[in-house]
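**Q** Using our numbering, read the sequence shown as starting at 66 and increasing by one per residue. The beta-carbon is built from N, C-alpha and C at its ideal position, and this holds for glycine as well.
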Amino acid sequence: MLMIRPVEPADLPALEALAREAVPPLTNLPANRERLEQRIARSLAAFGDEVDHPGDEHYTFVLVNTAPEKEGEREVLGTATVRARAGAREAYYTYRQETLIHASQQLNVRREVQTLALSHEVSDATLLCAMSIHPRYKGTSAESLLRRARLMFIAQYPERFADVLAAAFPGYLDANKASPFWESVGRHFFARSYQEINHIAGVRSKSFIAEVMPQFPLYLPLLTPAARAAIGREHPAHEPALGEMLAEGFARSRHVDIFDAGPVIKADRSGLATVRRAAWHPVRIRPEHALPDAEPALVANQRRSGFRCVVARYARSPTGQLMLTADQAEQLGVEKGRAVLAAPLGLPAAEDRYDEGEM
66 MLMIRPVEPA DLPALEALAR EAVPPLTNLP ANRERLEQRI ARSLAAFGDE
116 VDHPGDEHYT FVLVNTAPEK EGEREVLGTA TVRARAGARE AYYTYRQETL
166 IHASQQLNVR REVQTLALSH EVSDATLLCA MSIHPRYKGT SAESLLRRAR
216 LMFIAQYPER FADVLAAAFP GYLDANKASP FWESVGRHFF ARSYQEINHI
266 AGVRSKSFIA EVMPQFPLYL PLLTPAARAA IGREHPAHEP ALGEMLAEGF
316 ARSRHVDIFD AGPVIKADRS GLATVRRAAW HPVRIRPEHA LPDAEPALVA
366 NQRRSGFRCV VARYARSPTG QLMLTADQAE QLGVEKGRAV LAAPLGLPAA
416 EDRYDEGEM
């Protein structure tokens with residue numbers, strides 16, 4: 066049975082493996098033992114602290130197989146993190162796509178020119194980040210469970226998170242695993258490859274961005290055609306994930322990643338499908354064969370540091386009880402009559418759109 070829980074110190078080797086398996090390598094999930102140890106420690110502190118407003122808390126979750134079929138089979142199969150406030154410690158930099166108008170009445174010329182301006186507007190948003198899952202489970206309900214269990218936690222503790230949520234997706238890389246955008250922009254200022262700078266950003270502070278990157282707008286016509294085509298384009302391996310987030314209620318923003326120009330999506334927390342459709346139900350425990358057929362749902366308990374979330378049938382009694390098997394109740398750590406939060410696993414059709422407030 067697959068389940069989501071907060072990360073634990075014993076999960077360190079698994080996190081290292083997941084960091085190495087991420088495609089492409091993730092800045093916010095570096096394959097660096099010291100940084101991952103820090104991530105685990107920060108997560109333990111965040112889950113344990115009493116918090117009444119979003120700050121520098123990092124909540125890291127793992128997807129675990131509670132009953133491996135084979136001896137030696139990996140227990141931790143995925144990880145994902147929520148940063149309560151993206152720029153709590155240092156500004157969270159992005160490029161913002163803008164339009165400048167150059168006009169001359171004497172020459173009867175009016176040109177609209179697309180630019181990228183350095184921005185840290187996303188700093189106050191809650192950031193969904195650092196997600197990696199075992200390749201065998203990509204594209205399955207396990208991946209949806211890992212991605213959206215974070216929203217089930219956020220729905221229960223809204224005071225810990227911002228009203229606006231954001232997520233940055235890895236940008237497009239060419240056949241040589243190089244970023245056309247980085248080659249056209251960043252390399253001129255750092256003289257390092259995209260892979261090198263991505264690693265440095267993961268294991269060190271990102272303060273060098275403000276120190277070295279140009280503060281003036283970048284005019285898109287001055288970039289290479291390949292770089293312009295990469296702006297706002299996600300890495301092919303993340304297209305399904307982006308589609309699910311768009312179906313959840315996120316929208317593309319004008320912001321793109323500062324390194325590879327990958328898309329940054331944003332949403333009001335209250336408008337997300339998981340948050341809107343989540344409902345509390347008292348638990349009723351029934352045998353597996355006695356459960357009626359029903360659509361799958363995300364089901365979470367209401368314990369903070371002991372948070373658990375699984376996929377189960379959304380089988381409700383006429384009186385509104387949610388019927389779970391004894392095994393499911395045990396995994397969630399709940400007893401008969403205890404309330405759990407449930408939300409349908411299925412989502413509406415994805416709508417690829419831009420945030421109207423960004424236009």
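For Gln493, does the three-state DSSP call read helix, strand or coil?
**A** No statement about residue 493 is possible, as the shown extent of the chain runs from 66 to 424 and does not include it.
**Q** What does the Cβ neighbour count give for Leu287, buried or exposed, with the cut at 16 atoms within 10 Å?
**A** Here the question's residue 287 lines up with position 222 in the sequence shown. Exposed, since its Cβ has fewer than 16 Cβ neighbours within 10 Å.
**Q** Considering only their Cβ atoms, is the gap separating Val348 from Leu389 smaller than 7 Å?
**A** Position 324 of the sequence shown, counted from the first residue, corresponds to residue 389. Position 283 of the sequence shown, counted from the first residue, corresponds to residue 348. Cβ atoms of Leu389 and Val348: closer than 7 Å.
**Q** Check Ala344 in the structure and name its three-state DSSP category.
**A** Residue 344 sits at position 279 when you count from the first residue of the sequence shown. In the structure shown, Ala344 sits in a strand (DSSP, three-state: E or B).
**Q** CB Leu410 to CB Leu356, shorter than 7 Å?
**A** Counted from its first residue, the sequence shown places residue 410 at position 345. Counted from its first residue, the sequence shown places residue 356 at position 291. No, the Cβ-Cβ distance between Leu410 and Leu356 is not below 7 Å.
**Q** In its own chain, which residues sit with a C-beta less than 7 Å from the C-beta of Tyr284, not counting the 5 before and 5 after it?
**A** Here the question's residue 284 lines up with position 219 in the sequence shown. Here the set comprises Val178 and Thr180.
**Q** For the beta strand (DSSP E) containing Met68, name the first residue and the last one.
**A** Counting from one through the sequence shown, the residue named residue 68 turns up at place 3. Counting along the chain, the beta strand (DSSP E) containing Met68 begins and ends at Leu67 to Pro71.
**Q** In whole angstroms, give me the CA-to-CA distance for Pro328 and Phe234.
**A** Sequence index remark: in the sequence shown, residue 328 carries index 263 (1-based). Sequence index remark: in the sequence shown, residue 234 carries index 169 (1-based). Pro328 and Phe234: Cα-Cα distance of roughly 6 Å.
**Q** Using 8 Å as the Cβ pair cut-off and three pairs as the minimum, do the stretch 374–391 and the stretch 250–261 touch?
**A** Result no; under three Cβ-Cβ pairs closer than 8 Å.
**Q** Can you list, in chain order, the residues of its chain with a C-beta nearer than 7 Å to that of Arg342? Leave out the 5 residues immediately preceding and following it.
**A** Residue numbering aside, residue 342 sits at position 277 when the sequence shown is read from its first letter. Excluding positions up to five away in sequence, the list reads Ala408 and Pro409.
**Q** Measuring only the C-alpha atoms, how far is Leu128 from His167?
**A** Taking the first residue of the sequence shown as 1, we reach residue 128 at position 63. Taking the first residue of the sequence shown as 1, we reach residue 167 at position 102. In a straight line, the C-alpha of Leu128 is about 52 Å away from that of His167.
**Q** Within the same chain, show all residues whose beta-carbon is closer than 8 Å to that of Glu23, passing over the 5 residues directly before and after it, in chain order.
**A** Residue numbering for the chain in the displayed model covers 66 to 424; residue 23 lies beyond these limits and cannot be assessed.
**Q** Does the distance from the C-beta atom of Ala391 to that of Ile330 stay below 7 Å?
**A** Locating residue 391 in the sequence shown gives position 326, where the first residue counts as 1. Locating residue 330 in the sequence shown gives position 265, where the first residue counts as 1. No, they are not a contact pair.
**Q** How about Thr92 and Asn263: are their beta carbons less than 7 Å apart?
**A** To locate residue 92, count along the sequence shown from 1; it is residue 27. To locate residue 263, count along the sequence shown from 1; it is residue 198. Yes. Within cutoff.
**Q** Name the residue from Arg100, Ala365 and Val321 whose alpha carbon lies nearest to the alpha carbon of Gly267.
**A** The residue given as residue 267 occupies position 202 in the sequence shown. Gly267 has its Cα closest to that of Arg100, out of Arg100, Ala365 and Val321.
**Q** Distance check for Arg369 and Ala153, CA to CA, integer angstroms please.
**A** Along the sequence shown, read from residue 1 onward, the residue named residue 153 stands at position 88. Along the sequence shown, read from residue 1 onward, the residue named residue 369 stands at position 304. Approximately 22 Å, taken between the alpha carbons.
**Q** To which residues of the same chain is Pro119 closer than 7 Å at the C-beta, ignoring the five residues directly before and after it?
**A** One-based indexing of the sequence shown puts residue 119 at position 54. Contacts found: Ala149, Arg150, Thr191, Arg225, Phe226 and Ala227.
**Q** Label Ser108 either buried or exposed according to how many other C-beta atoms from any shown protein chain fall within 10 Å of its C-beta, with 16 as the threshold for buried.
**A** Taking the first residue of the sequence shown as position 1, residue 108 is located at position 43. With 16 or more Cβ atoms within 10 Å of its Cβ, Ser108 is classed as buried.
**Q** What are the start and end residues of the beta strand (DSSP E) that includes Tyr160?
**A** Indexing the sequence shown from 1 puts residue 160 at position 95. Here the beta strand (DSSP E) through Tyr160 covers Thr159 to Ser169.
**Q** Which class does Met424 belong to by DSSP, given the choice of helix, strand or coil?
**A** By 1-based counting over the sequence shown, the position of residue 424 is 359. Low per-residue confidence applies at Met424: pLDDT is 49, beneath 50, and the placement is therefore not dependable, though the value from the model is reported in the following sentence. It is coil, neither helix nor strand.
**Q** Determine the direct distance from the alpha carbon of Ala292 to that of Arg298, and round the result to whole angstroms.
**A** Walking along the sequence shown from the start, residue 298 turns up at place 233. Walking along the sequence shown from the start, residue 292 turns up at place 227. Between Arg298 and Ala292, the C-alpha separation is close to 10 Å.
**Q** How far does the alpha helix (DSSP H) with Ile323 in it extend, from its first residue to its last?
**A** Here residue 323 refers to the residue found at position 258 when the sequence shown is read from its first residue. Segment: none, Ile323 is in no alpha helix (DSSP H) and carries neither H nor E.
**Q** Classify Asp114 as buried or exposed, calling it buried when 16 or more other Cβ atoms lie within 10 Å of its own Cβ.
**A** Position 49 of the sequence shown, counting from 1, holds the residue named residue 114. Exposed, because fewer than 16 other Cβ atoms sit within 10 Å of the Cβ of Asp114.
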